[in-house]
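Residue numbers (this note's numbering): 29 to 467. Using N, Cα and C, we set each Cβ at its ideal position, and we do this for glycine too.
Set out below in structure tokens:
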């Protein structure tokens, strides 16, 4: 068995679990890990990749990290199948990007198996429907006690609040039932994500406020509503195009014990700090409205639309694949991330399409915070106080960028992003680079 893994999407711990599951079922496993060449400069990954059975497959970073790894994995799958040298090709996945390739190889007689985290019930079911064998990747312990709720209001705004721990349960039957309904009504097309479809159905049919995080809250709420005799009615089909978003914060640093007690999990903390969900109707100003709600655009120090788009595209979870079930799809994986030679108009059009797409889970990262930058500038003597006004910090950031010979950005967020990425690459060479386009 050969296991192929995109290391930009999966952690060392996940890969170990995958190898263990395959070893128990098939015996010997050879694992090929695809990542940027500089991943070996990370001590944890270097030690892991030197273990028996591990093969590091460096993938040069031309422009887009996720696309580069995916293409290399696609090519390797084809080579293995054509050479007849491998009895079984295994893939560690948490999204639907390898559907077509897996199905095509399986139809030609190549044994293919996918490993999917147990929490990703929708992905599990979709692969099973394709007839591709699926192995569940076990949970890393007890399910997190999520203490955060994100509520979407009837006016399209939203809020977050702390609550009692949500008790998760098996909702497979409910998911199957409402998925069928949403597909029949045109809110799903068989490949989209369930939560945005639930939200758009709920919003279109004016059913009131809806708790959208944890996702299971929305799933069970819709199932209860459509199966209740008291609300039996003819449901409306999509009337207009909407963009749904659950803003999340960055994932820098590990969650502390105190934070875990307060929020329940790292993801729940991200959602809470994101400030609450929102829904916007499609229009020519959709991108600007979305960037403003996410903190990338304002009338003060972040008033450059072109740079706001650039900063958004460089936020970690807006461009890089991650393995959490609520962040499975990204701009890059859905083919909507603008190319480096795109004009700004083309980039903005792609972003609008991405906000409206059924191929995203609706979770987008908010603009970068400046606390880390402020601390760094104080250490370097470029700033007196971490609580200095933004304009003072802005001047200090531009001075730092000149000293480090970094491209000078026009906005506060742009400077934050450039400095943070410069700082992160110094600490971790495997950190991805800066994406830009020709304005």
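Reference residue i, options the options, closest by Cα
| i | options | result |
| --- | --- | --- |
| residue 105 | 29, 40 and 79 | 29 |
| residue 73 | 56, 180 and 44 | 44 |
| residue 188 | 179, 196, 194 and 195 | 179 |
| residue 404 | 158, 437 and 447 | 447 |
| residue 110 | 185, 133 and 123 | 133 |
| residue 49 | 130, 88 and 163 | 163 |
| residue 160 | 406, 393, 182 and 126 | 126 |
| residue 438 | 117, 131, 419 and 136 | 419 |
| residue 47 | 81, 258, 71 and 304 | 81 |
| residue 121 | 136, 113 and 154 | 154 |
| residue 314 | 392, 379 and 259 | 379 |
| residue 131 | 158, 152 and 123 | 158 |
| residue 431 | 417, 450, 413 and 416 | 450 |
| residue 32 | 66, 54, 59 and 84 | 59 |
| residue 392 | 376, 375, 322 and 417 | 322 |
| residue 193 | 84, 251, 208 and 177 | 177 |
| residue 251 | 205, 67 and 215 | 205 |
| residue 195 | 214, 181, 327 and 173 | 173 |
| residue 97 | 78, 71 and 67 | 67 |
| residue 228 | 135, 183 and 416 | 183 |
| residue 417 | 328, 246 and 377 | 328 |
Local conformation of residue i per DSSP, three classes
| i | result |
| --- | --- |
| residue 164 | strand |
| residue 41 | helix |
| residue 333 | helix |
| residue 183 | coil |
| residue 268 | coil |
| residue 358 | A caution first: residue 358 carries a pLDDT of 42, below 50, which makes its placement in the model unreliable, though a value can still be read off. If DSSP states are grouped into helix, strand and coil, residue 358 belongs with coil. |
| residue 84 | strand |
| residue 238 | strand |
| residue 257 | helix |
| residue 263 | coil |
| residue 417 | coil |
| residue 94 | For residue 94, the predicted structure reports a pLDDT of 46, less than 50, and the residue's modelled location is therefore unreliable. The matter cannot be settled from this model. |
| residue 396 | coil |
| residue 433 | coil |
| residue 447 | helix |
| residue 114 | coil |
| residue 120 | strand |
| residue 151 | helix |
| residue 510 | This structure cannot speak to residue 510, because the chain is shown only from 29 to 467. |
| residue 216 | coil |
| residue 364 | Note that residue 364 scores a pLDDT of 49, beneath 50, so its modelled location is shaky and nothing firm can be said. |
| residue 62 | strand |
| residue 325 | coil |
| residue 471 | Because the chain is modelled from 29 through 467, residue 471 falls outside the range shown and cannot be assessed. |
| residue 140 | strand |
| residue 78 | coil |
| residue 305 | coil |
| residue 195 | coil |
| residue 314 | helix |
| residue 403 | helix |
| residue 466 | Because residue 466 sits at a pLDDT of 44, beneath the cut-off of 50, its placement in the model cannot be relied upon, and the following sentence gives the value as read from the coordinates. Of the three classes helix, strand and coil, the one that applies to residue 466 here is coil, per DSSP. |
| residue 57 | coil |
Same chain, Cβ closer than 8 Å to residue i, five either side skipped, listed in chain order
| i | result |
| --- | --- |
| residue 115 | 29 and 139 |
| residue 363 | Summary for residue 363: the model assigns pLDDT 48, below 50, so the residue's position carries little reliability, and this model does not support an answer. |
| residue 454 | none |
| residue 429 | 435, 436, 437, 443, 446 and 447 |
| residue 156 | 162 |
| residue 351 | With a pLDDT of only 27 at residue 351, under 50, the local geometry of the prediction cannot be trusted, and the value read off the model is given with reservation. Taken in chain order, the residues that qualify are 37, 38, 39, 42, 122 and 145. |
| residue 217 | 211 and 386 |
| residue 421 | 398, 401, 402, 405, 411 and 440 |
| residue 191 | 175, 176 and 177 |
Contact set for residue i: own chain, Cβ-Cβ below 7 Å, skip 5 residues either direction
| i | result |
| --- | --- |
| residue 248 | 199 and 202 |
| residue 325 | 316, 319, 333 and 336 |
| residue 237 | 179, 180, 181 and 182 |
Integer Cβ distance of residue i from residue j, believed to fall under 8 Å
| i | j | result |
| --- | --- | --- |
| residue 274 | residue 299 | 6 Å |
| residue 441 | residue 330 | 5 Å |
| residue 165 | residue 145 | 5 Å |
| residue 388 | residue 221 | 7 Å |
| residue 344 | residue 278 | 6 Å |
| residue 101 | residue 62 | 6 Å |
| residue 209 | residue 254 | 6 Å |
| residue 402 | residue 410 | That belief does not hold up - the Cβ atoms of residue 402 and residue 410 are roughly 10 Å apart, past 8 Å. |
| residue 302 | residue 394 | 6 Å |
| residue 226 | residue 246 | 5 Å |
| residue 214 | residue 306 | About 23 Å; that fails the 8 Å criterion. |
Nonlocal neighbours in the same chain, by C-beta distance under 6 Å from residue i, ignoring five residues either side
| i | result |
| --- | --- |
| residue 224 | 272 and 390 |
| residue 51 | 57 |
| residue 296 | 174 and 176 |
Quiz item: Between the stretch 310-324 and the stretch 382-392, are three or more C-beta pairs nearer than 8 Å?
Solution: Yes, the stretch 310-324 touches the stretch 382-392.
Exercise. Check whether the stretch 414-430 touches the stretch 395-404, taking contact to mean three or more Cβ pairs, one atom from each stretch, closer than 8 Å.
Key: yes
Practice problem: Determine contact between the stretch 289-302 and the stretch 253-266, defined as no fewer than three beta-carbon pairs at a distance below 8 Å. | Solution: no
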